[in-house]
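In terms of this note's numbering, the sequence shown is residues 55 to 239. Cβ coordinates follow ideal geometry from the N, Cα and C atoms, glycine included. Okay, so here's the structure we're looking at.
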Amino acid sequence: MTRIIFLGAPGAGKGTQAQTLAEHWKIPHISTGDILRSAIQEQTPLGVKAKSFVDSGQLVPSELVQDMVEERLQKADTSSGWILDGFPRTVDQAAFLDNLLKKKNLGGALVINLDVPDDVVVDRLLERGRKDDTEQVIRRRLEIYRSETTPLIDYYGERKQLVVINGNKSAEEVTSNLKDLTVSC
Ligand code: AP5
C-alpha cells in the first residue's frame, strides 16, 4: 500500500508531482486545495465557509479540513493507497492524521518535502495566475507556510518519515527522482 504526503511551499510543485505520481502508481491524488476550490465553485456549505480563507491565503479552520479529509479517505479508491497534497499543514493536522491511520491499523506515510527557494516559487505562481496567486496573497501564503507548516519538517523528521527532494529542477527531473524514491514504499 502506497501512502505519500507532499510538503512544500506554495508553488513548490506538490500538485504537479502528486498528479503524475498518482497516475504512475494508480492511486488517488487527494489535494485539499482542489477539494476546497470545487466546494467554493459549487457553493456547498463547506465552500461558503472556506471561501474567505482561501481567497486571502489563510488556512481554512482545521476542523473543516480534517472532516473533509477523513471523509475522502473512506472512499473505496483509497484501498491501495493515496497521495495527500496540501494536508497536513499544521502539527495538529498531522496528529489528527496519525490517529486516523492508527484507528485503521495503518502505518505512517512517506513524507516528501519539495524544497524550492522562495524567489522561484513566487515567479512560478505569478506566472500561473490562479485567483490566490496575486503577489500579496502569495506572500501571505508563504508566511503561513513558514509559521504553520515548516514545523512538520521536524515532526516527520523525528519520526523518520521525511525525505527532502530538490524541487528546483525541471518537473521531469523531479518526477524521475520521485519515481525512484517511491518504488519501494
Ligand atoms: P493549495 O491548493 O494546496 O495551494 P498551495 O499549497 O499554496 O500550493 P499550490 O497549489 O499553489 O502549489 P503546488 O506546490 O501544488 O505547486 P503546483 O504543482 O501547483 O491550497 C490553497 C488554499 O487552500 C490554502 O491557501 C488554504 O487556504 C486552503 N487549504 C488547503 N489545504 C489546507 C489545509 N490542510 N488546511 C487549511 N487550509 C488549507 O505548481 C505551481 C506552478 O509551478 C504551476 O504553474 C506549475 O506548472 C509550475 N511548476 C511546477 N513544478 C515546476 C518545475 N519543476 N519547474 C517549473 N515550473 C514548475
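Go ahead and pull the three-state DSSP assignment for T56.
strand
What is the rounded straight-line gap between the Cα of K223 and the Cα of G65?
13 Å
Taking the alpha carbon of P115 as the point to measure from, which residue in V170, F141, H83 has its own alpha carbon closest?
F141
If we require 4 or more residues per run, which alpha helix (DSSP H) segments fall completely within the region 88 to 171?
99 to 110, 116 to 126, 145 to 157
Short check: CB of Q95 to CB of G221, under 9 Å?
no
Give me the DSSP bridge partner(s) of H83.
I137
Hey, would you say the C-beta of E181 is under 8 Å away from at least one heavy atom of the ligand AP5?
yes
Nearest-angstrom Cα distance between L118 and L196?
21 Å
Closest Cα partner of Q120 within the set S201, D146, A93, S133:
D146
Mind checking which residues open and close the alpha helix (DSSP H) that includes V228?
225 to 236
Other residues of its chain near G69: CB distance less than 7 Å, five sequence neighbours each side excluded:
S85, D139
Would you say L90 and V102 are within 9 Å of each other, going by their C-beta atoms?
no
Taking the straight line between their C-alpha atoms, what separation do you get for L160 and V237?
19 Å
Return yes when at least one heavy atom of the ligand AP5 lies under 8 Å from the C-beta of A225, else no.
yes
Identified DSSP bridge partners for I219:
L168
Classification of N153 by the beta-carbon crowding that lies within 10 angstroms, buried from 16 upward:
exposed
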